[in-house]
Each structure stands twice: as C-alpha cells, then as structure tokens.
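These notes concern the structure reproduced below.
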Amino acid sequence: MTTKDYLTNKIQDEIWFCYQCPMCKAVCTTHHYTRREEDAPEPRVHLVELIRRGFLDWDESSAEIILNCNLCGLCREWCASKQDISAIMTTARADVVNQGLAPDSVVRVDESLNKLKNIYGKPLNERFHDISPASSSVNDVEVIYFIGCLSAYDRQEIPEAMIKILQAAGVNYTVLKGEEWCCGLPAYQLGLRDRAKEMSEHNSKFINGTGVKTIIASCPGCAKALDLEYPKWGTKLNMEVLHHTVFIKKLLDEGRLKLKKPIRKKLTYHDPCHLGRNMEIYNAPREVLKRVCEMNILEMFATREKALCCGSGGGYKLTNPEKANKMGSRVTDEAAFVKADILVSACPLCKESFSKDAAEKGLELKDIAELIVDSL
717 MTTKDYLTNK IQDEIWFCYQ CPMCKAVCTT HHYTRREEDA PEPRVHLVEL IRRGFLDWDE
777 SSAEIILNCN LCGLCREWCA SKQDISAIMT TARADVVNQG LAPDSVVRVD ESLNKLKNIY
837 GKPLNERFHD ISPASSSVND VEVIYFIGCL SAYDRQEIPE AMIKILQAAG VNYTVLKGEE
897 WCCGLPAYQL GLRDRAKEMS EHNSKFINGT GVKTIIASCP GCAKALDLEY PKWGTKLNME
957 VLHHTVFIKK LLDEGRLKLK KPIRKKLTYH DPCHLGRNME IYNAPREVLK RVCEMNILEM
1017 FATREKALCC GSGGGYKLTN PEKANKMGSR VTDEAAFVKA DILVSACPLC KESFSKDAAE
1077 KGLELKDIAE LIVDSL
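Counting from 1, position 217 in the sequence shown corresponds to residue 933 in our numbering; the numbering is continuous, with no gaps.
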C-alpha cells in the first residue's frame, strides 16, 4: 500500500487537523533537539499530504525528513484528536523504500538482517552464547526467554540479570540462541516491511514449534512486535507474550521469587515508549520497584503516557546515532532534578541511550532486572 492509498483510505479527512494545529511541536522529541521546523510533526504530515496529492515527489531530502522521527507517540498523547502521526510516518517510509530512495543507513540495516538476522551486522553465532538454558528439552520448559538484538550483543548485563532471576525462582527456561532472529520491528519502522515479515515468519514458525506456552522479552520493542505486530504482519505466536517486568511481578505475586536485601537508595523510573504508550504497561514496573525499594519512588515530571522518549526509537539510533545519544539528556536532567540516586529503565535501548549522560550527571543506571538481582 502506497502513501497515497493509505492516506486516502484511512485518514484523509483527519489529516487536516495537522494542517490547522502546530501544538504538538512543543513536545516533539526530534524537534526539541534539532529546532528545525521540518522536524516537527505538522510539517512532516504536511509533506506527506503534498506528496499524496501529487504536488511533490519523494527525493533524498524528503526521505530524510520522514526518517527524522522517533515514532515515540508523544504527539498523539498531546493531540486533542489523537492523530496517529507515527502510523503516517511508518507508511511513508515504506513508500520511500518502495521507490528505491532508502538512505544508506537503512540499506545497511536491510543487508544486515538479510545476511546475519540482526540489525547490528554481527555474527549470528556470537549472540549471547554464554547463556545456558536450565532445561535441555523443550518438553520441560516453562518459558522461552527472547533476548533481542541489543541485549544479545551490547547490553548483556540485562539478560545476565534475567537469567539469575529465572534460576532463583526455579523457572525452567530456554533461549533460542541462533534460531532467534531480530523481532522485525526495527525493519518495519524503517519501511522494510518485507524484511520485517521474513523475520516474523521465521520466529513464529520456530517458536510455535516448541509448544511452550509463555515467552518473555526484556526489550519492549520485541514484546510489542511478538504480541501486537505479528498478527498485523500475517503471523501469530500461539502463546502468552510478557515483558520481563510483568513476569517478574508474577513471580513475586506467586511467592516464587524472594527478595532479601531492600534497596536503600532513591529511585526514579522511566517509562519506555513501547512499554508505556504502545502497550499501556505502567503499573507492573512500579509495583515491582515498591517491593525492592524501602524509600518512595520519585516520579519525574514527564511520566506514564507523557513520558519523554530516550531519543533512539523508530530506528533513529540506527540512522542518526550521534543525535540519538544526546536526545535522552532531557530524561537524565529530570532524574537528576528529582534527586534520584538511580535511574531505572525497563528497556535495553533506553538504557543504552542514557548511559553516557547518566554517568556524567552522577546517576546510577540500572535495568529493573538488575535491581531485582541486587535484592536477592
């Protein structure tokens, strides 16, 4: 489906709201950093509408504008009509790819997924190979742990912590290792829809073949893809999909996980875009933290559905890595302002984005799974 078809069939009437209202500019993650007018939501949608109506054609410049979006959904939360600009942008990106105008950064991601099945161009056999499944037979497995590309290669402290939690709770688990391909969401967000479908079909076929009833993921993007996006792409997992914060809460509720050493530091929690705005999981992480920390959880000003983006979403980290690393400073600023000792994340991509700036501000940065391990 082209940009023209999508806008004609679904939101042609609603598009006029964006023509008349620039209010979401003030909360746009990208525009707040670049201060370029074309990086605000309204001009982006205006550009897509001009292309839809035939006044303009896609070129390298317009393709760049469409890619300069984190797809974080903040604009939707502040929009009176709840206009889903992220959906418009992802469709426009697919049209850009179909027109053969994908920038080199997107082409590299596509080539990496085609050859190595991950977005970072790293060997498949070097995925987190140090993890040893608790059960060697899927007949005994309670859950599959879907590690995700970033945690498999660069943020291995998160799966390390999660494995310790599973073992402490006596959960029989397994990991897919080389059979775990990228979830496909980064490809879909960058307009590589055929590649996303390829990833989802492989994962669904292999995972469904295990007969396991539950799969958990530490990456909210992976959890969203496996649970909500795969059915839209023509496939489906025949099992329950849980983010690791929800599964940890379940283990605590059932008494399978015992916490012995409470954290005596001030915590603040950042809501990841996919986990919060897209999956509406706000309470589970906070309820887990309340059991970990003896002190009150400090809430930042922008939280829950209005939480700020880390700056790396929507494939932006892959196409504009230097800018993405700096966009998360608003979150670390807020964490420092409320005088938190630890900024808690529930997303490996968010943690990666905050890492340098948090260290410079004297903030400890931990995934919620790491805090649980500290309390065991």
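Heads up, the beta-carbon is just placed ideally off N, CA and C, and yes, glycines get one too.
All values derive from a computational prediction rather than experimental measurement.
According to the DSSP assignment, A933 belongs to the beta strand (DSSP E) that extends over T930 to A933.
Judged by their CB atoms, V1054 and I1084 are not nearer to each other than the 9 Å cut-off. Each residue's CA atom was taken as its position, placing R809 and G1030 some 11 Å apart.
For S1061, the enclosing beta strand (DSSP E) covers residues I1058 to S1061.
In the DSSP assignment, D943 falls outside any alpha helix (DSSP H) and carries neither an H nor an E.
In this structure, C1025 lies near T745, with their beta-carbon atoms less than 9 Å apart. By the criterion of a C-beta distance shorter than 6 Å, E895 is surrounded in its chain by F922, once the five residues flanking it on both sides are discounted.
Only residues of its own chain outside the window of five on either side were considered, and among them H986, L1024, C1026 and F1070 have a CB closer than 7 Å to the CB of V1047, listed in chain order. With distances taken between CA atoms, C785 lies nearest to P757 out of P757, V812 and S797. Per DSSP, E970 is not a residue of any alpha helix (DSSP H), being assigned neither H nor E. When the alpha-carbon of Y836 is set against those of A941, T984 and K1033, the nearest one is in K1033. DSSP places T1035 in the uninterrupted alpha helix (DSSP H) bounded by Y1032 to T1035.
With three or more CB-CB distances shorter than 8 Å, the region 920-934 counts as touching the region 862-879. Taking a C-beta distance under 9 Å as the contact criterion, R993 and E793 qualify as a contact pair. Taking 9 Å as the cut-off, the Cβ atoms of S797 and L787 do not count as close.
Here the alpha carbons of E1068 and A868 stand approximately 13 Å from one another.
Here N999 is exposed: its Cβ has fewer than 16 other Cβ atoms, across all protein chains shown, within 10 Å. Excluding residues up to 5 positions away in sequence, T1035 lie with their Cβ nearer than 6 Å to the Cβ of L783 in the same chain. For K1082, the pairing in a beta bridge is given by DSSP as V1060.
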